[in-house]
Amino acid sequence: MNERSSFNKDMLVQAIQDAFNKLNPKTQLRNPVMFIVYIGALVTTWLTVRDFFTGEPIAFSLQITLWLWFTVLFANFAEAVAEGRGKAQAQSLKTARSQTKAHKVNGNSTIQVDAAKLRKDDVVLINAGEFIPGDGEVVEGMASVDESAVTGESAPVIRESGGDRSAVTGGTRVLSDWIKVRITANPGETFLDRMISLVEGAKRQKTPNEIALTILLVGLTIIFLVAVATIEPFAVYSGTLISVITLISLLVCLIPTTIGGLLSSIGIAGMDRLLKRNVLAMSGRAVEAAGDVNALLLDKTGTITLGNRMATEFIPAPGVSESELADAAQLSSLADETPEGRSVVVLAKEKYNIRERDLTTLEAEFVPFTAQTRMSGVNSKGNPIRKGAIDAIQKYIGEQGGQFPEEVKAAAENIAKAGGTPLIVAQGTKALGTIYLKDIVKGGIKERFQALRQMGIKTVMITGDNPLTAAAIAAEAGVDDFLAEATPEAKLRLIREYQEKGMLVAMTGDGTNDAPALAQADVGVAMNSGTQAAKEAGNMVDLDSNPTKLIEIVEIGKQLLMTRGSLTTFSIANDVAKYFAIIPAMFAGTYPEMNVFNIMRLATPESAILSAVIFNALIIVALIPLALRGVTYRPLGAEVILRRNILIYGVGGLLVPFLGIKIIDVIIVALGLV
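If you read the sequence shown in my numbering, its first letter stands for residue 607, the second for the next number, and so on.
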């Protein structure tokens, strides 16, 4: 999806309009801290209007009232900007959800119906050039599909019946051939419908941490409310006259309005950052859980390694030359269109200059790979050459009455120990030797695992390789643990073991057999190219179908929690500084010695109170970009992050208000506003 600026003109205009729309009391009540400010603004408005009609001076109370309303509006604006970015994404998705016609299969023929009338389990036929009318699974045929409307990726993908690449999304377009699709979602429940609802914020629910923080902020608000309420009798006792507007100003400045006004936008922005990386989180809870993850389960192929195993060496059996092995290996691979097969042909060309074969003269009859034989090869002039896994070739030679050399078996074991994959080449009853296939570990992945380890996250590699191969690649990649010869049951059992230890687990998957593990994991990231079962089981969907993105998802979750913690620290420290602005101003007339606490040397009690209220409103606006962008992510441990928050946002939260309130005080005095 195309990333749009957070601050383009149209979005800002809409956010300003939404900020006023959110003044509805029911909407304000969802944020208890800002609801207190909202009530305070209503009370000061009423008092100001009363004073106006009774002839009392209203200059000071009018300014306080306006800035209290600005405080509420700026908090609404922060949330509206965060929602606005999601709505912009939703608008692009709505264009993909255009009303189309569908060819519904009815017996041996098709009938044309509106896509909106399709229901779950209906089967439709989609030909080249037509849009896929709804979410479903390919049940027949194979086609090239343009998914750019959903993923933003222009390169087409192949979708076919069976396997783990059968799921299709409504709104995408078939480019070639044809497919029959069984619809898996009713109108309003499709993938695009869910995306639009989520990114528009219609179904965003508060996460557990967000709820806990809200309870803490409400507790602080109640404490300050009681404290401010008790000031009035003390003031009366001391002979000090304190107006209700002054008390409301003090309360608004002391309660944590900064984080209260930004809390919702931080959560929405976290989901938005994921969406910009083409990851759909089904809830804010999933994003937050990603930040608390203790264990990452990562597939080896495509995530830790490049996924394309390449032939790097020919290791001949005793009595066989390397060129003889290379010749037979290349001949058996000429019809093999897999990356591994092509790499065997290329290696023989480059290393032994074996090229330009005349297949007619060789009378070559190629034998394709099957799941039963686990071999492929060629019959040339009655001379059978086979290539396959060690156990398959060993069985094949045994059935032909031959003996399998111990030297070849040892070579294969050495390759496995080194993290490679051995392929054995046999001619008739004779094993010619071993092809060394190596899956390359991705550059920089070891350093990323090290950074995750510093944050206390355990990395576990999941692979179908044998334990020797798995151990070698795990050591090279720097993962903490591995699960070899993994089965769906083994993955599910491993996740439960970690969860029983109190750990949160994240994993990726794309197949129906991954669905139980995805459902069990705390963060289950399903590939968009995978089956519908996998997507329904996970709580996130990666539209790019890139398993490596799981690491980025965890980093975004960590960034969300770090941002929330940093701004909470800043907000609480902020309130302490504002205390030094207002309290001395309130009692300086009665108790001159209180001036010692007037550290900022503010001009008058009125200017001190007004400056604090203005700063309290403006700081929310100033922090909106940080709330939306998030604090800079660094792979640090919890203790380091806490220390950093205290030093940067705690100390900064104390110093910035001192400077800001003093500057505002100078300006309003110079302008004669008090």
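Virtual Cβ for every residue (Gly too), placed ideally from N, Cα, C. Since the model is a prediction, treat every value here as computed from it, not as a measurement.
The beta carbons of M1168 and I1247 sit closer together than 8 Å.
The C-alpha of I991 lies about 6 Å from the C-alpha of G983. DSSP places D752 within a strand segment (E or B) once states are collapsed to three. T911 and F1088 have their C-alpha atoms roughly 14 Å apart.
Straight through space, the alpha carbons of L1173 and V1129 are spaced by roughly 25 Å. Beyond the five residues adjoining it in sequence on each side, A1096 comes within less than 7 Å, by CB distance, of L1089 in the same chain, given in chain order.
In the DSSP assignment, T1065 falls within the beta strand (DSSP E) that extends over K1064 to I1068.
Around V1182, the same chain offers L1260 as residues with beta carbons nearer than 7 Å, after the five sequence neighbours per side are excluded. Beyond the five residues adjoining it in sequence on each side, I872 comes within less than 6 Å, by CB distance, of T1169, R1170 and A1233 in the same chain, given in chain order. Annotation: the continuous alpha helix (DSSP H) that includes E1245 extends over A1244 to R1250. In this structure, the straight-line span from the alpha carbon of D1116 to that of G777 is close to 21 Å.
Between E1082 and G1025, the C-beta gap is smaller than 8 Å, which places the two residues in contact. The continuous alpha helix (DSSP H) containing R1059 extends over residues I1051 to Q1060. Counting only the Cα atoms, V973 lies some 34 Å from A1140.
As computed with DSSP, N733 is found in a beta bridge with W784.
Restricted to the stretch 1099-1178, the alpha helix (DSSP H) segments that are unbroken, complete and at least 4 residues in length are 1121-1126 and 1138-1143, listed in chain order. Judged by DSSP in its simplified three-state form, S849 adopts coil rather than helix or strand. Residue pairing for A917: DSSP places it in a beta bridge opposite L1043. In this model, K1015 and T1027 are separated by some 13 Å (Cα to Cα).
N712 has S715 as its beta-bridge partners, per DSSP.
Taken through DSSP and simplified to helix, strand or coil, S986 comes out as strand. Nearest to L857 by alpha-carbon distance, out of I1189, G897 and T790, is I1189.
Short of 7 Å from the beta carbon of G1007, and not among the five residues preceding or following it, lie these beta carbons of its own chain, in chain order: T1035. Beyond the five residues adjoining it in sequence on each side, L1098 comes within less than 7 Å, by CB distance, of P1122, A1123 and Q1126 in the same chain, given in chain order.
The alpha carbon of V787 has as its nearest neighbour, out of E746, A1228 and T979, the alpha carbon of E746.
Residues V951, R963, L965, A970, F972 and V984 of the same chain have their beta carbon placed closer than 8 Å to that of L940, with the five preceding and five following residues left out of the count.
In this chain, the alpha helix (DSSP H) harbouring L1265 covers V1257 to A1276. Runs of the alpha helix (DSSP H) lying entirely within the stretch 895-979, each at least 4 residues long, are 928-939, 945-958 and 965-968 in chain order. L724 carries a coil assignment under DSSP once its states are collapsed to helix, strand and coil. Counting of Cβ neighbours within 10 angstroms places W652 among the exposed residues, the total staying below 16.
Counted as a single uninterrupted DSSP element, the beta strand (DSSP E) harbouring I1030 occupies residues T1027 to Q1033.
Per DSSP, the continuous alpha helix (DSSP H) segment holding L1229 begins and ends at P1211 to R1235. According to DSSP, A887 shares a beta bridge with M1146. A distance below 8 Å between beta-carbons, with the five flanking residues on each side excluded, links L1242 to the following residues of its chain, in chain order: Q1060, M1061 and R1250. Secondary structure at I738: coil, using DSSP grouped into helix, strand and coil. DSSP links I764 through a beta bridge to S750.
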